[in-house]
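Data first, discussion second: the structure below is written as structure tokens.
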Amino acid sequence: MRRTTTLLLRLALAGPVLLGVLAIAPADPAGATRSPFPFASWSDLVDQQYADLLGRAPSTGERDAGIAQARDGGGPGALIARLRSTADQTGAVDPLVRLYLAYVDRAPDPGGLDFWIARRRNGTWPLVRVSQQFASSSEFTGIYGSLSDRAFVELVYANVLDRPGDPGGIDYWTRQLDLGRRSRGEVMVGFSESSEHIRTSAGAVTAAVLPVLLLDRAPARATFDDDTARLDDGLAVADYADELLTSTAYARRAAPPGRPVAVALVDDGPRPRVRELDITPDGRFIAYSSASADIVPGDGNGVADVFVWDRRTGRSERISMRASGDEPAYASLDPAISDDGRFVAFVTQDDLTGPAHPGDISTDIYRYDRRSATVELVSVTQEGLPTGGFAEQLDISADGRFVSFFGTNDGITEPSPPNSSGPVEVFVRDMEQEATTDVSGPLDLGDGYAWFPDLSADGNRMAFHATSVHEAPGGERTTEHRAYLWDRTEGLITGPADIDPSAEVTLSDDGSTVLVEVDGQLLAWEPPSMDLEPVSLDAAGSPVAPDEQREVAISGDGSLVVFTDCPEGGSDDGTILVRDRTAGRTVELAPPPEAGQECQTAPALTRDGDLLATTLRAPWPGPPTASILLRTLQLDR
């Protein structure tokens, strides 16, 4: 799923402390630091909202007010909600949407709505004239055309007002039709613009019109029904708009492909250095680690902490806190986040749930629940204790239930050897069943070890690197480096040998594609085939020079591979490359011009491959130009 591993490799043993699931203090709050992504500036964001909703550019005063509201006030969603309350929307747009709902019970298509909005705005088409056109459509006549006037009125009551008509009302509207005083189009306007329909359809109108205006597409029926229900139940228009504005669908529509947009994380002062990243499939939450003391108030421990940045609210929260509410004394790194942003797993040398142990440099994996504000030990022994060895290189399943890691088997699935550390294995922890599987246990690795585990989204597959070390006849030692794929049903699937000794192994979320490195070249393995496809190719199709600092991300289906080309110490030609395996081409993504010698690192890719987050590695000790870079990947445009 993700591959931006940090190795601590602390092997010192620590005294055991009884652990469980403990509530911790709420995560540190922070001031909102929003990003205009997918736009390069707040001015661009405001201009686009005026164009999409009102069909015009804002005045200078409107632009300034919009920037203040979107950046420093209620956020971009609040700006959308305000524009939705203007006379243009309530007088020209919403009545059209209500007609669509009344006539055919669906959201308008973008082309149709644009056509009718233009005619309403120029004042040449009153609503009754539009309604008459609707009444002559084949879609309308297919529903209502063969009915008698009375049956038509009864069905309008049922379809538009969602209730049976009262006898007096049915008689009135039927008589209007029988006497020729009203056409069916005029009757439909009467129902559509009734105070009852305006009130009861408010959620449906918002759920219909905002996806069309912002995403340029009508919502799927199930999405439309679900969003209508949420709006009817109290979801604010501003919050709904923020959902759409921070979606990958909006980024695809609004952002020029490949252009990076900088995320500051703090409003003032130097930009924090950010290390590892992980991003949720919808692009809303980004988990990261940073040693900056400026991201949240009260950060005084002087070490790296784990944070979650919410693109929708602009807030970062620190989650690597002790159960007592105190700051940890040691660094927390390598976060992995579940699809909904609820669970975050990370590694730390600190005992977050027990008393502090100064000098203890063993490492463990924890999973934090942002909903319940509880933390659980993942790398736990059979007795419920920390291992006292090390556990690192973690990943988490989409639902947060499974967490993979590697480390010493000091009592995790078998008794710890006396006076020594256990074998180095790869594990999967089921947090619901409180059970840990030693995935590499069945392998005969001799004096070797297993490491670099990477988990599929459903938690049923895991790829890893196994190094076997055996003594051959004559006293010589033989070493083999091989990739494996573990399947919860099929067991271990043997992969390619002779992979590079320190090569990481990366698995696509669907479990279909494993990335390995051989002789410094990145290769794709798709079991059960043993064929290896070259991946680390430049735009000309030539192999990219080996890079010991290379970091990799892969899309959910394995079709897109992102890898870094960032020489140690930074370089003007350090770049990000995206390999489209389906199209057989590579696209290079240069850093922003102002980045200078800062390299793009720690790539994190949404599952659909549409949104890429990276960090900038600035030459020490200067701050980076940006903490996080966001860009869309639309290789088909």
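Its first residue numbered 1, the sequence shown is counted upward by one per residue in the numbering used here. For each residue, glycine too, the CB sits at the ideal point set by N, CA and C.
Item checked: One or two residues paired with His481 in a DSSP bridge -> Thr467
Next item on the list: Determine, using beta carbons only, whether Leu113 and Val212 come nearer to each other than 9 Å.
Entry: yes
Note to self: When you compare the CB positions of Ser338 and Gly400, do they come within less than 9 Å of one another, or not?
What the structure shows: The answer is yes: Cβ separation under 9 Å.
Margin query: Just to confirm my understanding: we take Arg461, look at its own chain, exclude 5 residues before and 5 after, and list those with CB closer than 8 Å. What are they?
Written below: Leu455, Leu485, Trp486, Asp487, Arg488, Leu507 and Gly511
Notebook entry, point to check: Given Tyr250, which residues of its chain have a CB within under 8 Å of its CB, disregarding the five upstream and five downstream residues?
Noted result: Hits under 8 Å: Pro38, Leu214, Leu215 and Leu244.
Check: Going straight from the alpha carbon of Ala463 to that of Gly74, what length do you get?
Finding: 44 Å
Notebook entry, point to check: Which value, in whole angstroms, describes the spacing of the CA atoms of Ser627 and Phe224?
Noted result: Cα to Cα, Ser627 sits roughly 36 Å from Phe224.
Check: In whole angstroms, what is the alpha-carbon distance linking Pro593 and Thr575?
Finding: 12 Å
Next item on the list: Kindly indicate which residue of Phe191, Val378 and Gly341 has the alpha-carbon position closest to the one of Val347.
Entry: Val378
Margin query: Please tell me whether Thr374 and Ala391 are closer than 9 Å, where the distance is taken between their beta carbons.
Written below: no
Next item on the list: Could you check if Thr141 is buried or exposed, using at least 16 other CB atoms within 10 Å of its CB as the buried criterion?
Entry: By the neighbour-count rule (16 or more Cβ atoms within 10 Å), Thr141 is not buried but exposed.
Check: beta strand (DSSP E) containing Ala289: first to last residue?
Finding: This sequence places Ser at residue 289; Ala is not what is there. If you look at Ser289, you'll find it in the beta strand (DSSP E) that goes Phe285 to Ser290.
Margin query: By the three-class DSSP mapping on this structure, what secondary structure does Trp125 have?
Written below: coil
Check: When you compare only the Cα positions, how much space is there between Gly77 and Ser195?
Finding: 27 Å
Check: When you compare each of Gln349, Arg217, Val587 and Arg482 to Asp334 by their alpha carbons, which one comes out closest?
Finding: Gln349
Notebook entry, point to check: CA-CA distance, Ala236 and Ser85?
Noted result: Taking the Cα positions, Ala236 is about 13 Å away from Ser85.
Notebook entry, point to check: Going by C-alpha distance, which of Gly66, Ile80, Trp42 and Ala70 is nearest Asp52?
Noted result: Ile80
Notebook entry, point to check: First and last residue of the alpha helix (DSSP H) that includes Arg98?
Noted result: In the DSSP annotation of this structure, the continuous segment of the alpha helix (DSSP H) that includes Arg98 starts and ends at Asp94 to Val104.
Note to self: Quick check on the burial criterion: 16 or more other C-beta atoms within 10 angstroms. Buried or exposed for Arg631?
What the structure shows: It is buried - the Cβ of Arg631 has at least 16 other Cβ atoms within 10 Å.
Note to self: Assuming Gly318 is part of the alpha helix (DSSP H), what are its boundary residues?
What the structure shows: Strictly speaking, residue 318 in this sequence is Arg, with Gly absent from that position. It is not in any alpha helix (DSSP H) - Arg318 instead sits in the beta strand (DSSP E) that spans Ser316 to Arg318.
Margin query: Using only the alpha-carbon positions, how far apart do Asp538 and Gln132 sit?
Written below: 59 Å
Item checked: Nearest neighbour of Arg82, chosen from Pro95, Ile67 and Ala398 [CA to CA] -> Ile67
Check: With distances taken from CA atoms, which of Gly389, Pro415, Leu577 and Ala398 is nearest Glu383?
Finding: Pro415
Note to self: What does the Cβ neighbour count give for Arg252, buried or exposed, with the cut at 16 atoms within 10 Å?
What the structure shows: buried
Checklist line | DSSP three-state assignment for Gln433, whether helix, strand or coil | finding: In the structure shown, Gln433 sits in coil (DSSP, three-state: anything other than H, G, I, E or B).
Margin query: Less than 9 Å between CB atoms is the rule here; does Thr564 satisfy it with respect to chain C?
Written below: Structure shown: chain C not included; a single protein chain is present.
Notebook entry, point to check: Between Ser43 and Arg63, is the Cβ-Cβ spacing less than 9 Å?
Noted result: yes
Margin query: In the DSSP output, what is Gly491 paired with across the bridge?
Written below: Asp487
Margin query: Suppose contacts are defined by Cβ-Cβ distances below 9 Å. Is Ala208 in contact with Ala220 by that definition?
Written below: no
Item checked: Beta-carbon contacts of Pro270 that lie in its chain and below 7 Å, excluding the five residues immediately before and after -> Pro623
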